[in-house]
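Student:
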Amino acid sequence: MNLRATFFKLRQQTLDSCSHAAFKPLAYVLAFFHAVLQERRKYGKLGWNICYDFNESDFNVCLQILDTYLTKAVDSRDTRMPWNSLKYLIGEVMYGGRVIDDFDRRVVKTYMDEYMGDFLFDTFQPFNFYADDSFTYAPIAAPNRDEFIASIDKLPLNNTPEVFGLHSNAEIGYYTTAVRETWAHLIDLQPQTGADTGGISRDEFIDRAAVDILKKLPKPFDIWRVKRAYQVNITPICVVLLQELERYNRLIQRMEHTLHQLRKALAGEIGMDAVLDNVAHALFNGQLPDDWRKLAPATCKQLGDWIEHLLRRSQQYKYWSVSGEPLVMWLSGLHIPESYLTALVQIACRKNNWPLDRSTLFTSVTRFQREDEIEERPGAGCYVTGLYLQGARWDPENRCLTRSTPKVLVEPLPVLSIVPIETHRLKLQNTFRTPVYTTSERRNAMGVGLVFEADLRTEEHTSLWVLQGVCLTMNLD
1 MNLRATFFKL
11 RQQTLDSCSH
21 AAFKPLAYVL
31 AFFHAVLQER
41 RKYGKLGWNI
51 CYDFNESDFN
61 VCLQILDTYL
71 TKAVDSRDTR
81 MPWNSLKYLI
91 GEVMYGGRVI
101 DDFDRRVVKT
111 YMDEYMGDFL
121 FDTFQPFNFY
131 ADDSFTYAPI
141 AAPNRDEFIA
151 SIDKLPLNNT
161 PEVFGLHSNA
171 EIGYYTTAVR
181 ETWAHLIDLQ
191 PQTGADTGGI
201 SRDEFIDRAA
211 VDILKKLPKP
221 FDIWRVKRAY
231 QVNITPICVV
241 LLQELERYNR
251 LIQRMEHTLH
261 QLRKALAGEI
271 GMDAVLDNVA
281 HALFNGQLPD
291 DWRKLAPATC
301 KQLGDWIEHL
311 LRRSQQYKYW
321 SVSGEPLVMW
331 LSGLHIPESY
341 LTALVQIACR
351 KNNWPLDRST
361 LFTSVTRFQR
371 EDEIEERPGA
381 GCYVTGLYLQ
391 GARWDPENRC
401 LTRSTPKVLV
411 EPLPVLSIVP
421 IETHRLKLQN
431 TFRTPVYTTS
441 ERRNAMGVGL
451 VFEADLRTEE
461 HTSLWVLQGV
471 CLTMNLD
């Protein structure tokens, strides 16, 4: 951890500046907190949705805040610790001021609640940051800087993810991501020439891939026919379907056009421009071309898996346009799933005369493991499938969140029930507010990627799931 570097730069005069007995132990707690926030960056999206540059100045300013408040307590002979003020200024203002994602801010706040309180000085039940069979990470109270550093040097050199509140699977995820990045760089380094590879030339390989995709491409939907079928009763759900079909048609038509043009370019009939060159490069490497990605829902899939996903989307759209809204909506098959959920709320508001801005979604995990187990539509709302838990798993017997299975990074969630409800009627107990993202990339700095929030039942304290980075995603990589 960066704990030693933080204390090595700390001057003895700074530690001696406050006479409060709790100052030096809290200085170590603050340094440990600072190091943990930095170490979470190693684990990518499990650690933080957005990577933040917590630096030395953040720690120094917070140490000054600690000095100011504890010195004031000494001068006024106040034996009470100003925990609320310290947690707000350190967690919400100084460190939280850098954090722009709501769920990342929740992580910082949880660390503050876990690391700061009267429990730090409880002699009957000593506090530990983390403890296992091999080592106990306990607060250190040393008289001077050198003894602090000597104690820090006794800490293990390699820290497991559990020290930071993450699951041991986070280590696997870290190495998996590193291997993927290395593989991507190796692909970029391979020669992009027309030399023979594997018995056929590069151009011939690309042409065969283009032909194969063209054979699989579904035909564009006849949107006017769908409109005529629904013209008597155009509901918000129908509007969503028509918008989805328009976006899907644009993607299919663009794919068909670029593939035909690419084949002509490979045959020498037309010139190879930048777009076609990118498509050729992507097909050769089994990746999704940028030109198609612009018109498709966000994805981290490779080309083969993405084509299968595309065809399955077509099947759902076909059923929806002919037979009506599916009993169970495959949410990741929609281009903009948020619009479908918004339409559900609109329908409920019109039916019950609710104000739209005072309505929300109530979610509950059903006992149905597969969509084919469901025979009838719910009385209100909808059933959705295709959600995956990351950082935890679902216990079907106790119907609650439980810790991840070792070496299993992602597990499917049973069918989820979503019901629109008035906000003031939503009474939740023992639930964890879980973000639902489109892909494992979660949410970016622009706020893109978050679809909705699901309330999942838990028998554990919610801080466990917050620190383990639990979320739901609509797509596997």
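Residue numbers for the sequence shown, in the numbering used here: 1 to 477. Ideal Cβ placement from N, Cα and C applies to all residues, glycine included.
1) Excluding sequence positions up to five away, which residues of its chain have a Cβ less than 7 Å from the Cβ of Asp207?
2) Taking the beta carbon of His335 as the centre, do at least 16 other beta carbons fall within 10 Å, making it buried, or is it exposed?
3) Suppose contacts are defined by Cβ-Cβ distances below 8 Å. Is Thr176 in contact with Ser168 by that definition?
4) Going by DSSP, name the residue or residues bridged to Trp306.
5) Considering Ile418, what are the terminal residues of the beta strand (DSSP E) in which it resides?
6) Pull up the DSSP beta-bridge partners for Val436, would you.
7) Count the CB pairs spanning the stretch 32 to 40 and the stretch 53 to 62 that are closer than 8 Å, and state whether there are at least three.
8) Assuming Asn249 and Pro220 form a contact by the criterion Cβ under 8 Å, report the distance between their Cβ atoms to the nearest whole angstrom.
9) On a CA-only basis, which of Arg370, Asp395, Leu401 is nearest Tyr383? Give me that one, please.
10) In the structure shown, what three-state DSSP assignment does Leu401 receive?
11) Take the Cβ of Val451 as the centre, count every other Cβ of all protein chains shown within 10 Å, and call the residue buried at 16 or more, exposed below.
12) Is Phe205 helix, strand or coil when you go by DSSP?
13) Are the CB atoms of Leu389 and Glu411 nearer to each other than 8 Å?
14) Val108: buried (16+ other C-beta within 10 angstroms of its C-beta) or exposed?
15) In the DSSP assignment, what are the bridge partners of Ala131?
16) Per DSSP, what kind of secondary structure is Ser359 in: helix, strand or coil?
17) How far does the alpha helix (DSSP H) with Glu459 in it extend, from its first residue to its last?
18) Thinking Asn475 and Cys300 are a contact (beta carbons under 8 Å), I'd like their distance in whole angstroms, please.
19) For Val74, I'd like the list of residues in its chain whose CB is within less than 7 Å of its CB, leaving aside the five on either flank, ordered along the chain.
20) Is the shortest distance between the beta-carbon of Tyr317 and the beta-carbons of chain D less than 8 Å?
21) Below 8 Å on the Cβ atoms is my guess for Ile152 versus Phe7; work out the distance and round it to an integer in Å.
22) Inspect the beta-carbon positions of Gln287 and Leu303 and report whether they are closer than 8 Å.
23) If you compare alpha carbons, which of Leu189, His281, Arg254, Ser323 is closest to Leu514?
24) Which stretch, first to last residue, makes up the beta strand (DSSP E) that contains Asp395?
25) Considering only C-alpha positions, which residue in the set Met446, Glu459, Pro420, Arg393 is nearest to Gly469?
26) If you compare alpha carbons, which of Leu344, Arg350, Pro337, Pro396 is closest to Arg367?
27) May I ask which residues mark the beginning and end of the alpha helix (DSSP H) holding Thr177?
28) What is the DSSP secondary structure of Glu246, counted as helix, strand or coil?
29) In terms of residues, what are the limits of the alpha helix (DSSP H) holding Cys51?
30) For the pair the stretch 228 to 247 and the stretch 278 to 293, tell me if three or more CB-CB distances fall below 8 Å.
31) Check whether the stretch 406 to 422 and the stretch 347 to 365 are in contact - that is, three or more C-beta pairs closer than 8 Å.
32) In three-state DSSP terms, what is Gln13?
33) Of the residues Leu409, Lys318, Leu456, which one's Cα is nearest the Cα of Gln429?
34) Considering Cα atoms alone, identify which of Arg350, Phe23, Leu401, Val328 is closest to Glu375.
35) Apart from the five residues just before and just after Trp83, which ones in its own chain have a Cβ nearer than 7 Å to its Cβ?
36) Just to confirm my understanding: we take Gly44, look at its own chain, exclude 5 residues before and 5 after, and list those with CB closer than 6 Å. What are they?
Tutor: The short version:
1) Arg263, Leu266
2) buried
3) No.
4) The partner list for Trp306 (beta bridge, DSSP) is empty, contrary to what the question assumes.
5) 416 to 422
6) Phe452, Leu472
7) The stretch 32 to 40, when compared against the stretch 53 to 62, does touch it at the 8 Å Cβ threshold.
8) 4 Å
9) Arg370
10) strand
11) buried
12) helix
13) yes
14) buried
15) In the DSSP output, where bridge partners are listed per residue, Ala131 has Thr136.
16) strand
17) Looking at the DSSP string, Glu459 is not in any alpha helix (DSSP H), and its letter there is neither H nor E.
18) Correct: roughly 7 Å between the Cβ atoms.
19) Ser19, His20
20) Considering every chain present, this structure includes no chain D. It has just one protein chain.
21) 6 Å
22) yes
23) Here the chain has residues from 1 to 477 only, and residue 514 is not among them.
24) 393 to 395
25) Arg393
26) In this structure, Pro396 is the residue among Leu344, Arg350, Pro337, Pro396 with its C-alpha nearest to the C-alpha of Arg367.
27) 169 to 189 is the extent of the alpha helix (DSSP H) around Thr177.
28) Helix.
29) Run containing Cys51: none; DSSP gives neither H nor E here.
30) No contact exists between the stretch 228 to 247 and the stretch 278 to 293.
31) At 8 Å Cβ cutoff, the stretches touch.
32) helix
33) From the listed residues Leu409, Lys318, Leu456, the smallest Cα separation to Gln429 is found for Leu456.
34) Looking at the Cα atoms, Val328 is the closest of the given residues.
35) Once the five neighbours on either side are set aside, the close Cβ partners of Trp83 are Met116, Gly117.
36) Thr177
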